[in-house]
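Colleague:
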Amino acid sequence: MCGRYASSRQPEDLVEEFEIRNPDLPHLEPDWNVAPTKDVYAVVERPPGGEQDATPERQLRVLSWGLVPFWAKDPSVGSRMINARMETVAGKPAYRRAFEKRRAILPADGYFEWYPTEELTRSGKPRKQPYFIRPADGGVLAMAGLYEIWRDPAKAEDDPTRFRWTCTVLTTSAEDSLGHIHDRMPLMLSPDRYDAWLDPRRNDRDDLLALLEPAAPGRLEAFPVSTLVSSVKNNGPELVVPLPLEHAPGERES
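Quick look at the structure:
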């Protein structure tokens, strides 16, 4: 799964990478400890100005992490829908419609996973060591995602806050070099697949699934980081600084 990630780039940094066209860029503060329900950047393609017949344009938007299906009665369900499994996303009712029409890219610096070590806590459970996993070349981690637009039935038609935009990260089995840390990982898209993935006019299930491939071995690197990241109250660049291996708790034999 992907339950935390870092996103510190400015919107201007994402314009060139994703060929974004909307002139009024949203702005979020750098976040090195993105947790479920937080606001995040998402790259989507939408008709400009809500004109349904217009050609979709590449936009940068701010969405809440945790997808709320359009048919949900309670938006709190989003906190449990931060990830969608690639293996079942095209068929599950919660994700099927978004997979067909509302796909996104969620830009990140990298993501965190927790690995059980040989050390035990006072309760006798393995102490978990956080790892930060990022592109080895220092580039943007373009995570494949979906988004939905949920309308609050309790709000009036003219209330600008009646629509809630939410998103989820697609995951797959982790490649071999990362599988010992966690068996799942977010799906990352290569630049040559951005256009096809984002285009809302493409809806062939098999063609879309063919765009989703696990990262090739060696494209991502992982290293231990401070346990400060385990608390959502902590936030800052120190959370992604590599921890010297000699200071990291011992790992289980793989």
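Using the numbering used here, read the sequence shown as starting at -16 and increasing by one per residue.
Idealized CB from N, CA, C, for every residue including glycine.
Keep in mind that this is a model prediction, so the values were computed, not measured.
1. Distance check for Arg110 and Ser160, CA to CA, integer angstroms please.
2. Buried or exposed: Tyr(-12), going by 16 or more other Cβ atoms within 10 Å of its Cβ?
3. Can you list, in chain order, the residues of its chain whose CB lies under 7 angstroms from that of Leu192, leaving out five sequence neighbours each side?
4. Measure from the alpha carbon of Thr151 to the alpha carbon of each residue in Ala157, Tyr130, Asp142, then state which is nearest.
5. Helix, strand or coil for Leu211, going by three-state DSSP, please let me know.
6. With burial defined as no fewer than 16 other Cβ atoms inside 10 Å of the residue's Cβ, what is the status of Gly49: buried or exposed?
7. Please report the distance separating the alpha-carbon of Glu234 from that of Asn5.
8. First and last residue of the alpha helix (DSSP H) that includes Arg184?
9. Measure the C-alpha to C-alpha separation of Glu236 and Phe206 and round it to an integer number of angstroms.
10. Could you say if the segment 165 to 173 and the segment 188 to 202 meet the contact criterion of at least three C-beta pairs nearer than 8 angstroms?
11. In three-state DSSP terms, what is Gly122?
12. So the candidates are Pro113, Glu102, Val223; which of them puts its Cα closest to the Cα of Glu96?
13. Assuming Leu89 contacts Val45 (C-beta within less than 8 angstroms), just tell me the rounded distance between them.
Modeller: Quick answer:
1. Straight-line Cα distance between these residues: approximately 21 angstroms.
2. Answer is buried; the Cβ neighbour count reaches 16.
3. Counting only Cβ-Cβ distances below 7 angstroms, and skipping sequence neighbours, we find Ala73.
4. It is Tyr130.
5. In the structure shown, Leu211 sits in a helix (DSSP, three-state: H, G or I).
6. Looking at its Cβ environment, which holds 16 or more other Cβ atoms inside 10 Å, Gly49 is buried.
7. Because the pLDDT of Glu234 is 49, which lies under 50, any placement of that residue in the model is unreliable, and the number read from its coordinates should be weighed accordingly. Computed Cα separation, rounded: 46 angstroms.
8. In the DSSP annotation of this structure, Arg184 is not part of any alpha helix (DSSP H), being labelled neither H nor E.
9. Its pLDDT being 43, under 50, Glu236 is placed unreliably by the model, and the measurement read from it follows with that caveat. Note on geometry: alpha-carbon atoms of Glu236 and Phe206 lie some 17 angstroms from one another.
10. Yes: at least three Cβ pairs fall under 8 angstroms.
11. In the displayed model, Gly122 falls within coil according to three-state DSSP, outside both helix and strand.
12. When each option's Cα is compared against that of Glu96, the closest is Pro113.
13. Not a contact, Cβ separation roughly 11 angstroms.
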